[in-house]
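Q:
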Amino acid sequence: MISSRSTEYINRKLAGTHMILLNFAGILSSEAKRGATWRDRTSHARQSIHSGVDGRGRDLTIYLAHGVKYGAVLEEGSPPHIIRPKNKKALYWSGAAHPVKMVNHPGTRAHPVLENTLKNNKNRLMENVSDWWASE
Numbered sequence: 523m524i525s526s527r528s529t530e531y532i533n534r535k536l537a538g539t540h541m542i543l544l545n546f547a548g549i550l551s552s553e554a555k556r557g558a559t560w561r562d563r564t565s566h567a568r569q570s571i572h573s574g575v576d577g578r579g580r581d582l583t584i585y586l587a588h589g590v591k592y593g594a595v596l597e598e599g600s601p602p603h604i605i606r607p608k609n610k611k612a613l614y615w616s617g618a619a620h621p622v623k624m625v626n627h628p629g630t631r632a633h634p635v636l637e638n639t640l641k642n643n644k645n646r647l648m649e650n651v652s653d654w655w656a657s658e
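As numbered in this note's numbering, residues 523 to 658 make up the sequence shown, in order.
(1) Among the residues of its own chain, which have a CB less than 6 Å from the CB of Asn650, if the five just before and after it don't count?
(2) Using the DSSP secondary-structure output, state which residues sit across from Ile604 in a beta bridge.
(3) Glu597: beta carbon under 7 Å from a heavy atom of the ligand ADP?
(4) Let me check one thing: in DSSP terms, what residues is Leu586 bridge-paired to?
(5) With H, G and I counted as helix, E and B as strand and the rest as coil, what does DSSP make of Arg580?
(6) Going by alpha carbons, who is nearest to Ser657 out of Ile524, Arg527, Thr539, Ser525?
(7) Just to confirm my understanding: we take His633, look at its own chain, exclude 5 residues before and 5 after, and list those with CB closer than 8 Å. What are they?
(8) Below 8 Å CB to CB, which residues in the same chain sit around Gly579 once its five sequence neighbours on both sides are set aside?
(9) For His620, I'd like the list of residues in its chain whose CB is within less than 8 Å of its CB, leaving aside the five on either flank, ordered along the chain.
(10) At 4 residues or longer, and completely inside the segment 630-658: list those alpha helix (DSSP H) runs for me, N to C.
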């Protein structure tokens, strides 16, 4: 049987772990925003990178995510593909010589800012949590 002092100690350690992860999530978010290698037009994609901690008790998960629909394309890139009009007969944009029926898009290169940020900080996060649990 676990004593109430032991339970209290474990609960304090779990609460501290949650706070360490919350603090680290903010650091990850800031680092990802600074390290984003894509060229901004509106800064919306960069500003919408967010992080946090999910879960309670022993099951805690730290996350870092894009907040825009096209976040996966920024992170993973896209293969060459054809763009066709949805609602009209042709595509046209400012600067085009004439309307076209389709565009052969060359694809986009990946900018894995979230993956790189997590990889670069994994050991530091694990050390912080390990040090917290090893301390008295």
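Virtual Cβ for every residue (Gly too), placed ideally from N, Cα, C. Model, not experiment: these values are computed from the prediction.
A: Straight from the coordinates:
(1) Along the sequence shown, read from residue 1 onward, the residue named residue 650 stands at position 128. Here Asn650 has Ile542 as same chain residues with Cβ atoms under 6 Å from its own Cβ, once five neighbours each way along the sequence are excluded.
(2) Position 82 of the sequence shown holds residue 604. According to DSSP, which records beta bridges pairwise, Ile604 is partnered with Asn626.
(3) Inclusion of the ligand ADP in the displayed structure is not the case, the ligand content being empty and no account of it being possible.
(4) Working through the sequence shown from its first residue, we reach residue 586 at position 64. Looking at the DSSP assignment, Leu586 forms a beta bridge with Ser573.
(5) Numbered from its first residue, the sequence shown carries residue 580 at position 58. Reduced to three states, the DSSP call for Arg580 is coil.
(6) On the sequence shown, residue 657 is found 135 positions in, with the first residue counted as 1. Minimum Cα distance to Ser657 is reached at Thr539.
(7) The sequence position of residue 633 within the sequence shown is 111, counting from 1. So the qualifying residues of the chain are Ala558, Thr559, Trp560, Leu596, Glu597, Gly599.
(8) Mapped onto the sequence shown, residue 579 falls at position 57. Cβ neighbours of Gly579 beyond the five flanking positions: Leu536.
(9) For the purposes of this step, residue 620 is identified with residue 98 of the sequence shown, where counting begins at 1. Tyr614, listed in sequence order.
(10) When DSSP assignments are scanned along the segment 630-658, the uninterrupted stretches of alpha helix (DSSP H) that are 4 or more residues long and fall wholly within it turn out to be 635-656.
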